[in-house]
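Letter by letter, the sequence shown follows residues 752 to 817 of this note's numbering.
This report concerns only the one structure given below.
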Amino acid sequence: MADTDKLNLDNIIARLLEVRGSKPGKNVQLTENEIKGLCIKSREIFLSQPILLELEAPLKICGEFF
């Protein structure tokens, strides 16, 4: 499991932003531990968020009827 405490998010973000504006498919070198760390940290953040959506009126709901 990746050590998310040592994950350098600023460095990863900087590397990703360096290729912004390049042609699609441009590779960014990330280690396996960086990718695992990003996945673990993302999961922790999503799971820590409340499931309840706080919405304001008026609200339009669109979808299909079956």
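Virtual Cβ for every residue (Gly too), placed ideally from N, Cα, C.
This one's a predicted model, so the numbers in the text were calculated from it and none came from an experiment.
- The alpha-carbon of Asp756 is positioned some 33 angstroms away from that of Lys774.
- Shown here, Ile812 sits in coil according to DSSP, grouped into three states, outside any helix or strand.
- Linking Val770 to Ala808 through their CA atoms gives a straight-line distance of about 40 angstroms.
- About 11 angstroms separates the CB atoms of Glu785 and Leu767; that is not less than 8 angstroms, and the two are not in contact.
- Restricting attention to beta strand (DSSP E) runs no shorter than 3 residues, the segment 757-817 encloses none.
- Linking Ile796 to Leu789 through their CA atoms gives a straight-line distance of about 11 angstroms.
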